[in-house]
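Visitor: Okay, handing you the structure first.
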Amino acid sequence: MTSVVKVFGEDGACRSLEASAGTTARQLCETLVRRTRALHDHSWALVELHQHLALERCLEDHESVLEVQSSWAPGADSRFVFRKNFAKYELFKSSTQLLFPEVMVSSCLEANKSMAHSELIQNFLNSGSCPEVQGFLHLREAGRKVWKRFHFSLRRSGLYYSTKGTSKDPRHLQYFADLTESNIYYVTQGKKLYGTPTEFGFCIKYGMQLYRNYQQAQARLSQPPWIGPTPLSEEEGRLYFTMDDGQTRFADLIQLVEFHQINRGILPCKLRHYCTCVAL
């Protein structure tokens, strides 16, 4: 089964191509290179662009084009753009220059100060463990206009920020996002649309597969009172969803999805973290 994918060029011209469920971003780029008779090199990329949100990201070679397209909201001003991205593979070509500065990597801070930077990078790449990356970022909480500066820590388990300076005490670390299931978008008009302190902003968009499941589940509420393993229950005239026989209750599936993401798929009998949403 195939679907039509529309791809825009930098000149605004639109091309329609057929794609199957297994068509990857790299395969579509190769097709477009042939169609446009462009010079074939590895810098061509397929960019996902959300103009109304001023967000964009370069698709990874292995990503399914139709899966990405299916995550877009109906009627949204979203599109694919075919253009060159010269930084696409630079991390693999010049890793010693593009990886994090040693002051941002905890293992480097704890290493021998006399060790050369190139040696530290090699240790970073060859290590069997996941080093912790840390630094300051500005964050705007949902529903607020003020940006606050927090100290963030990127760990294997996710991205956290400290509510007390640079403290890494578990009591002060607030869970922010699980980047293994997330996509990172560049903000192209941060100051204009979001009032960002600088133009170097990014947005974390997470859980699209779970969100699509939620969309599908909403359409099934008039059918059987079960959505996958999630029972729909009622008490005192109020509907709620649960996955542990009613001990943990969710007013709607969005809350359940947030809980599932925050706890990385673990579903205990009580909440390990409160369900919060921090967005641009």
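Residue numbers for the sequence shown follow the UniProt record's numbering, beginning at 1 and rising by one.
Quick reminder that beta carbons are idealized off the backbone N, C-alpha and C, glycines included.
Keep in mind the model is a prediction, meaning the values are calculated, not measured.
Determine the direct distance from the alpha carbon of Gly-75 to that of Thr-196, and round the result to whole angstroms.
Guide: 27 Å
Visitor: Measure from the C-beta of Thr-166 to each C-beta in chain B and report whether the shortest distance is under 8 Å.
Guide: Absence of chain B from the displayed structure is noted, only one protein chain being present.
Visitor: How many angstroms separate the CA atom of Ser-43 from the CA atom of Thr-36?
Guide: Approximately 15 Å, taken between the alpha carbons.
Visitor: How big is the Cα-Cα spacing for Gln-51 and Gly-143?
Guide: 22 Å
Visitor: Is Lys-205 helix, strand or coil when you go by DSSP?
Guide: In the structure shown, Lys-205 sits in a strand (DSSP, three-state: E or B).
Visitor: By DSSP's criteria, Gln-134 is part of a beta bridge. Which residues make up the other side?
Guide: According to DSSP, which records beta bridges pairwise, Gln-134 is partnered with Ser-153.
Visitor: Please state the DSSP three-state secondary structure of Cys-277.
Guide: The predicted model places Cys-277 with a pLDDT of 44, which falls under 50 and marks its position as unreliable; any figure quoted below should be read in that light. The answer is coil: DSSP assigns Cys-277 none of H, G, I, E or B.
Visitor: On the three-state DSSP scale, how would you describe Ser-16?
Guide: strand
Visitor: Residues in the same chain with beta-carbon distance under 7 Å from Gly-228, minus the five sequence neighbours each way, listed in chain order, please.
Guide: In this predicted model, Gly-228 has a pLDDT of only 39, less than 50, meaning its place in the structure is not dependable enough to derive any value.
Visitor: Quick check on Leu-39: buried or exposed, where buried means 16 or more other Cβ atoms within 10 Å of its Cβ?
Guide: exposed
Visitor: Since His-138 contacts Arg-155 with CB under 8 Å, what's their CB separation in whole angstroms?
Guide: That pair is no contact at about 20 Å.
Visitor: Could you tell me if Ala-25 is buried or exposed, where buried requires 16 or more neighbouring beta carbons within 10 angstroms of its beta carbon?
Guide: When all chains shown are included, Ala-25 counts as buried.
Visitor: Taking the alpha carbon of Glu-18 as the reference point, which residue from Ser-78, Leu-66, Ile-184 has its own alpha carbon closest?
Guide: Leu-66
Visitor: Quick check on the burial criterion: 16 or more other C-beta atoms within 10 angstroms. Buried or exposed for Tyr-161?
Guide: buried
Visitor: Measure from the alpha carbon of Gln-174 to the alpha carbon of each residue in Thr-188, Leu-193, Ser-153, then state which is nearest.
Guide: Ser-153
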